[in-house]
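Each number in my numbering comes from the position in the sequence shown (counting from 1) with 7 added on. We treat Cβ as the ideally placed atom computed from N, Cα and C, and that holds for glycine. Note that the coordinates shown come from a computational prediction; the quantities given were computed from them, not determined experimentally. Remarks on the structure that follows.
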Amino acid sequence: MSQHFSIAVLGGDGIGPEVVAEGIKVLRAVEAALPGVRFDLMEHSVGAGEFLRSGDPLPEATLGRIRESDAILLGAMGLPDVRRPNGVELTPQIDLREKLDLYNGVRPIRLYHASHSPLHGYGTVGSGRRIDFVIVRENCEGLFSGRLAPRPSGRDFETDTMRITRRGAERICRAAFRLAEKRRRKCTLVDKANVLPSMAFFRTVFDSVAREFPAVATEHVYIDAMALFLVQRPDSFDVMVTENMFGDILSDLGAGIVGGMGMAPSADLGEKHGVFQPAHGTAPALAGKGIANPIATILSVAMMLEWFGHPETVRGANLIERAVERVLADPAHRTADLGGNVSTAQMGDLVRANLDPRP
Ligand code: ATP
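Right under this line is the structure:
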């Protein structure tokens, strides 16, 4: 008998539904090659569109159903013109992370073809100097922690708090070290310990967790230096761990050196739940044109299959990874963001056609 996995599908706004459709196209094709597993998909309306309909971008009833699923596949949510009465943008994806305690933001940065990078001298998958590292972002505290706290009005100042707890720092550092153990065994802490006491504390926790993982080499890099090093020598990193806001910024910088937001998948993981989504937003200017790059979403589907941890889903994740490598090895296979004219749906078709189930 097949094992069933239930997946909540949240297309969201803007290009979200378009890229998710390609992710599902590839997921269904992979499912056909895996006799022992089945995927039960359930779609839910969330985001700015849902806010306009019901007044809540992430209704409680929907959240309840999402909690019951084995995983969540998300496109993107929010539109710049749709704001709360106080003018603040909707942030349902941040709310979702906090409500489901998805503390572990995993953002792989991988260069698939030398021509995708604005940097010179980096090789395509399997050759030369490689860009292949993972940013592990703490998702539930750090500089985002006080964002929803009530504020007195009419003051001449505002503050945001960088909150680092021992529990929060320990669990994110452990997640980063465990990942590094499965990769090239190097873990870099990105902080600002020379200036901020919260970051000095993060460093002491990182150093004590590091002692649990003697096989993993460690280093500390200040956030400002990391901005420099990601341009000068991104091939020298394997896994890097950092607080919420720094991770947010480094994720976009990382995406920028491998072809842009359309190339950056992500997983937001907790002990029970996992949300898999492209690192990009809703890109309203591209919506409805059929030109968005679906690779980030397709790779997020692969991360979901890997996370399920069933031998067949892990194989499925591998099939998708290899298919993406094969498709992108041909520089003619590019969507508009990479200077080509392959459409969103054509890119999904190409990946599907390159899934090769032979061992
Ligand atoms: P958010 O604040 O919701 O994360 P953002 O302001 O960071 O969103 P994005 O929507 O991620 O913005 O878009 C950033 C840039 O990347 C835009 O130029 C957009 O057109 C481009 N972009 C994002 N996703 C894709 C994609 N899948 N394919 C092609 N271009 C994309």
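Could you tell me how far apart the beta carbons of residue i and residue j are, in whole angstroms, since I believe they sit closer than 8 Å?
{"i": "S243", "j": "I298", "result": "34 Å between Cβ atoms; not a contact."}
{"i": "P301", "j": "G30", "result": "7 Å"}
{"i": "G277", "j": "D108", "result": "4 Å"}
{"i": "E113", "j": "V141", "result": "The sequence shown places Val at residue 113, rather than the Glu named in the question. V113 to V141, Cβ: 6 Å. Contact."}
{"i": "P272", "j": "L306", "result": "4 Å"}
{"i": "I171", "j": "G149", "result": "7 Å"}
{"i": "N251", "j": "E145", "result": "5 Å"}
{"i": "H11", "j": "R60", "result": "Not really, about 30 Å apart at Cβ, beyond 8 Å."}
{"i": "V358", "j": "A330", "result": "5 Å"}
So does residue i have its beta carbon nearer than 7 Å to some heavy atom of ligand 1?
{"i": "T342", "result": "yes"}
{"i": "I22", "result": "yes"}
{"i": "G288", "result": "yes"}
{"i": "P125", "result": "no"}
{"i": "A6", "result": "Look at the range of the chain in this structure, 8 to 366, and you will see that residue 6 is not part of it."}
{"i": "V143", "result": "no"}
{"i": "N146", "result": "no"}
{"i": "V26", "result": "yes"}
{"i": "A83", "result": "yes"}
{"i": "L293", "result": "yes"}
{"i": "P92", "result": "no"}
{"i": "G316", "result": "no"}
{"i": "G297", "result": "no"}
{"i": "N300", "result": "yes"}
{"i": "A303", "result": "yes"}
{"i": "G267", "result": "yes"}
Measuring from the CB of residue i, is there a heavy atom of ligand 3 at a distance below 7 Å?
{"i": "M252", "result": "This structure simply doesn't include ligand 3; it includes ligand 1 instead."}
message = Is it the case that the region 76-85 contacts the region 15-32, given that we only count it when at least three CB pairs across the two stretches are under 8 Å?
response = Verdict: yes, contact present.
Worksheet item: Which ranges does the alpha helix (DSSP H) cover as unbroken runs of at least 4 residues, wholly within the region 287-351, from first to last along the chain?
Response: The DSSP assignment places 302-315 and 318-336 as complete runs of the alpha helix (DSSP H) inside the region 287-351, in order along the chain (cut-off: 4 residues).
message = Extract the residue ranges of the beta strand (DSSP E) inside the region 118-186, only unbroken runs of 3 or more that lie entirely within it.
response = Runs of the beta strand (DSSP E) inside the region 118-186: 139-145.
Report task. Determine, using beta-carbon pairs with one atom in the region 333-349 and one in the region 246-265, whether at least three such pairs fall under 8 Å. Result -> With the cut-off at 8 Å, the region 333-349 and the region 246-265 do not touch.
Note to self: For the structure I just gave you, are there three or more beta carbon pairs, one from the region 177-192 and one from the region 200-217, closer than 8 Å?
What the structure shows: Taking a cut-off of 8 Å for Cβ pairs, the region 177-192 and the region 200-217 touch, as three or more such pairs fall below it.
- Run through the region 60-115 for me and flag every whole alpha helix (DSSP H) of 4 or more residues, listed as ranges in chain order. Look at the region 60-115 and you find these whole runs of alpha helix (DSSP H), each 4 residues long or longer: 67-75 and 99-106.
Ignoring anything shorter than 4 residues or poking outside the region 197-241, list the alpha helix (DSSP H) runs there in chain order. Runs of the alpha helix (DSSP H) lying entirely within the region 197-241, each at least 4 residues long, are 204-217 and 230-239 in chain order.
| So does the region 58-75 actually touch the region 35-47, counting three or more Cβ pairs closer than 8 Å? | Fewer than three beta-carbon pairs drawn from the region 58-75 and the region 35-47 are found closer than 8 Å, and the two stretches are therefore not classed as touching.
What ranges does the beta strand (DSSP E) occupy inside the region 239-276, keeping only unbroken runs of at least 3 residues that lie completely in it? The qualifying runs are 246-249 and 272-276.
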